[in-house]
Ligand SMILES: Cc1cc2nc3c(=O)[nH]c(=O)nc-3n(C[C@H](O)[C@H](O)[C@H](O)COP(=O)(O)OP(=O)(O)OC[C@H]3O[C@@H](n4cnc5c(N)ncnc54)[C@H](O)[C@@H]3O)c2cc1C
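In the working numbering, the protein residues as written are -17 to 411.
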């Protein structure tokens, strides 16, 4: 069987990796000049020319010993480091409140009232609900963990992952929640997956797709697929950038809106369903400052969305990945906008600095600032997402499949696990 994969983000690369290891002939086309999609590390030297970098997308990936990510990184001989479980805060009531790293320690946190903590501890005794019909994310968390968690903790966490309001999303936005509930309770499910830690490959997240592409044959960059059609034999013809291929199978490892364009002429039902999946854009502001304790030794903070007015939070990349900045500097990465209405003051860098100072009054002026726009970067699984995915997959002709974080879940870990499960399903077909 010959397979052409369109899209060289982690979805496409990890799929190519599994298929090639299974002995298949695989080619991959990536539209950009380098592989990785959102997983891309960009150099950012400091003002004296000392090396450092920023991430276009993920700052790290969650991995537990023996998990799909852990096994893949080992197979790739990828050297990774973990910053450990650092301090983190939620900005609420005008102040930064520490978030305990272990769920049990939430019992002593100021983030929840006594009755909310008590209700949260009842979670293992809440009966499992059938995953059908699709449930709203906030409603799911309120049902399992209580309204206190759903209203005071969830919104900031979800804004930090999906840059969207939790109440607008389907529980399918975080598919891990459903798989944990299926194990009896969220606490039980979390425990069964082992303890996950954030890890970063040496050299930044971009080292991961780079290593994958080095280990693969048939990866072509700078080659955008422009169209495909089925031949009488049932095989597929794909063209783009002056190239043409005839293959048995085409895998669209693309965002839903890109896959929709290619599918329009051959699978209109799938194209329509994929076009209905919204994506969120987010502004990222990177800055470097003189180190400031305790922020410099932490993961950073997320802001309770009703108080953030579009300021979603600030991570500390220099703690997560010490190579991102010279050792005497602290690097911050602020997330702005997303699906939230943004205060007009945040459109100026000075306005962002002012908001940062309102949460961290001792923070010094930035020594360097760099802004990036992550345009249509994050799938937004609103209510009805499950129907869109099911309709998209049901309408695909034989020999075509769609592989994406909009199908498997928002993070790199979801994609790696989703592709592995997809491979196992192929084997049993
Ligand atoms: C700002 C931001 C922060 C994030 N933070 C985290 C995090 O901390 N942890 C985490 O786990 N995840 C995080 N993520 C999510 C993670 O980056 C994604 O889940 C993952 O990168 C999605 O990979 P993908 O291959 O599905 O899609 P993409 O990365 O979008 O890859 C799709 C690829 O297809 C290519 N393409 C498009 N059209 C064509 C065409 N016609 N022909 C050929 N190629 C084409 C594109 O150029 C692109 O390279 C973050 C994402 C963003 C944007």
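Backbone N, C-alpha and C fix where the C-beta goes; we use that ideal spot for every residue, glycine too.
- Taken from the Cβ of residue 11, at least one heavy atom of ligand 1 lies inside 7 angstroms.
- Exposed is the label assigned to residue 221, since fewer than 16 other Cβ atoms lie within 10 Å of its Cβ.
- Short of 6 angstroms from the beta carbon of residue 142, and not among the five residues preceding or following it, lie these beta carbons of its own chain, in chain order: 284, 295.
- Residue 255: member of the alpha helix (DSSP H) spanning 250 to 257, first to last residue.
- DSSP, read as helix, strand or coil, puts residue 231 in strand.
- With fewer than 16 other Cβ atoms inside 10 Å of its own Cβ, residue 272 counts as exposed.
- The C-alpha of residue 201 lies about 27 angstroms from the C-alpha of residue 355.
- Residue pairing by DSSP places residue 201 opposite 10 in a beta bridge.
- Taking the Cα of residue 286 as reference, the smallest distance to any Cα among 80, 265, 89 is reached at 80.
- Beta-bridge partners assigned by DSSP to residue 356: 264.
- Scanning its chain for C-beta atoms nearer than 8 angstroms, with the 5 sequence neighbours on each side dropped, one finds around residue 327 the residues 333, 336, 337, in chain order.
- Between residue 116 and residue 150, the C-beta gap is not smaller than 8 angstroms, which leaves the two residues out of contact.
- Under the criterion of beta carbons closer than 8 angstroms, residue 73 and residue 341 qualify as touching, at roughly 5 angstroms.
- Beta-bridge partners assigned by DSSP to residue 179: 45.
- A direct Cα-to-Cα measurement between residue 136 and residue 345 gives close to 27 angstroms.
- The alpha-carbon separation between residue 408 and residue 251 amounts to approximately 23 angstroms.
- Counting other Cβ atoms within 10 Å of its Cβ, residue 360 reaches 16 or more and is therefore classed as buried.
- Taking 7 angstroms as the cut-off, one finds at least one heavy atom of ligand 1 near enough to the beta carbon of residue 207.
- Within the model, the alpha-carbon separation for residue 289 versus residue 197 is close to 46 angstroms.
- Residue 237 and residue -13 have their C-alpha atoms spaced approximately 13 angstroms apart.
- Setting aside the 5 residues that flank it on each side, residue 352 is surrounded in the same chain by 26, 36, 268, each with a C-beta closer than 7 angstroms to its C-beta; the list follows chain order.
- Counting C-beta pairs with one atom in each stretch, the region 246 to 261 and the region 364 to 376 have three or more that are closer than 8 angstroms, which means they touch.
- In this chain, the beta strand (DSSP E) harbouring residue 71 covers 69 to 74.
- Cβ contact annotation for residue 218 (same chain, cutoff 8 angstroms, sequence separation greater than five): -14, 210, 211, 212, 228, 229, 230, 231, 232, 381, 382, in chain order.
- With a cut-off of 7 angstroms, the C-beta of residue 75 is classified as distant from ligand 1, since no heavy atom of the ligand falls inside that distance.
- Ligand 1 has a heavy atom closer than 7 angstroms to the beta-carbon of residue 21.
- Cβ contact annotation for residue 386 (same chain, cutoff 6 angstroms, sequence separation greater than five): -7, in chain order.
- Looking at the DSSP output, residue 280 bridges to 69.
- Nearest in C-alpha terms to residue 64, of all of 77, 46, 78, is 46.
- Among the bridge pairs identified by DSSP, residue 35 is matched with 25.
- Proximity of the region 118 to 138 to the region 90 to 100 meets the contact definition, three or more beta-carbon pairs being nearer than 8 angstroms.
- The C-beta distance from residue 40 to residue 187 rounds to 5 angstroms, short enough to meet the 8 angstroms contact threshold.
- Taking C-beta atoms as the reference points, residue 18 and residue 42 fail to come closer than 8 angstroms.
- Counting along the chain, the unbroken beta strand (DSSP E) around residue 80 starts and ends at 77 to 80.
- Taken in chain order, the complete alpha helix (DSSP H) segments of 4 or more residues contained in the region 318 to 386 are 331 to 341, 367 to 376.
- Residue state for residue 271 is assigned as strand, using DSSP reduced to three classes.
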